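In UniProt numbering, the protein residues as written are 1 to 281.
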Amino acid sequence: MINILKIGENATHDSTFIVDRPLGHPAYLLLLIKTPAAFFIDAANSSEFKVRNHSTDNLLNIPKDCAVIFKPYQKHLYGAANDYHYTDNWMHIDKATLSMPDNFPFGNPIQLHNPDDFYNLFHLINSEFYGSAPHKQTILNSLTDALIKMITDESKTTEFPDLYYELAALREKIYSSPQNDWKINDMAKSLNISCGYLHYIYKHFFNTTCIADVIESRIQSACELLSSTNKTIEEISLQCGYKNIEHFIRQFKKSQNITPAKYRKAHIITQRISPYRSQRS
């Protein structure tokens with residue numbers, strides 16, 4: 001169970017702010033940095049650093065919306081950048097209660113591409129920490145674990161950061177609009193990449209192909225419509241993006257090992273009249 005020792009949200013300091021802990025801290029330190037900042041990037045045989053005048057090559061001016069996790073006893077040296085004030089969310093986590101991947105980039109800033117997701121989750125953690133709900137510790141464990149996993153995932157997208165989020169947005173559109181006429185050429189063109197590279201990079205990030213996702217999104221939509229509406233199979237076929245009902249039936253059976261008609265019979269959600277419903281006279 002992850003044990004948060006201390007936590008703070010929207011901690012704001014003036015332009016002279018600096019944290020200098022040469023020997024680090026006994027606990028893990030997690031930061032969500034909301035403003036531009038000056039940050040020491042740990043290096044072997046490093047010399048003394050002067051954060052306020054940025055007089056070292058090992059000090060990085062980082063943009064707002066970054067996450068950093070320090071492991072226990074790792075050097076901390078960071079502060080306000082130039083004339084900016086400094087604001088962050090922070091928490092200390094008991095080292096005995098947190099297991100991190102060996103290859104995690106401890107002490108290195110990680111750019112957050114959807115920062116509000118992280119800040120909103122941190123706000124929930126902060127509120128729960130100061131509350132007294134019966135399941136407080138279980139909730140804190142789940143929320144904090146989710147936050148750390150999100151940061152870990154974010155650290156793995158640094159090779160293609162911008163393209164990753166464009167691909168994630170494309171994938172979301174595929175699942176929200178299965179009826180669209182999704183074509184590889186059009187999808188690749190919208191991302192300004194080749195069809196071959198789209199196939200490679202999509203599979204690299206999502207372990208599937210974009211066409212497989214198109215099919216899956218349509219089958220999922222068809223299953224929902226078959227079990228919850230009275231629309232004909234042909235109508236459902238068209239609504240899910242199929243121009244040919246035979247192709248729809250063939251693809252549905254390949255995915256579900258059953259025809260659409262048999263699926264409907266097995267999964268239809270029937271409306272039942274309550275025995276307590278008043279009868280008309």
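Backbone N, C-alpha and C fix where the C-beta goes; we use that ideal spot for every residue, glycine too.
All values reported here derive from a predicted model rather than from experimental measurement.
- For Leu140, the enclosing alpha helix (DSSP H) covers residues Lys136 to Ser155.
- For the set Pro115, Thr152, Asp14 and Tyr130, the Cα lying nearest the Cα of Phe104 is the one of Thr152.
- Only residues of its own chain outside the window of five on either side were considered, and among them Leu121 have a CB closer than 8 Å to the CB of Ala146, listed in chain order.
- Inter-residue distance for Asn10 and Pro36 is about 14 Å (C-alpha atoms, whole angstroms).
- Of all alpha-carbon atoms in Cys66, Tyr175, Gln74 and Ala27, the one lying nearest the alpha-carbon of Ser155 is that of Cys66.
- For Lys95, the closest of Leu191, Leu77, Gly24 and His85 by C-alpha to C-alpha distance is Gly24.
- In the structure shown, Leu29 adopts extended strand secondary structure according to DSSP, grouped into three states.
- Inter-residue distance for Ser176 and Leu59 is about 43 Å (C-alpha atoms, whole angstroms).
- Looking at the DSSP output, Asp88 sits in a beta bridge with Ala11 and Ile33.
- Selection Ile233, Ser228, Glu234 and Tyr164 evaluated against Tyr200 yields Tyr164 as nearest (Cα-Cα).
- Taking a C-beta distance under 8 Å as the contact criterion, Asp88 and Leu31 qualify as a contact pair.
- Taking all protein chains in view, the Cβ of Arg218 is crowded by 16 or more other Cβ atoms within 10 Å, so the residue is classified as buried.
- Following the DSSP letters along the chain, one finds Tyr78 inside the beta strand (DSSP E) bounded by residues His76 to Ala80.
- Relative to the Cα of Thr16, the nearest Cα in the group Lys64, Ala80 and Lys71 belongs to Ala80.
- In its chain, beyond the 5 residues on either side, Ala37, Phe39 and Pro109 have a beta carbon closer than 6 Å to the beta carbon of Ile62.
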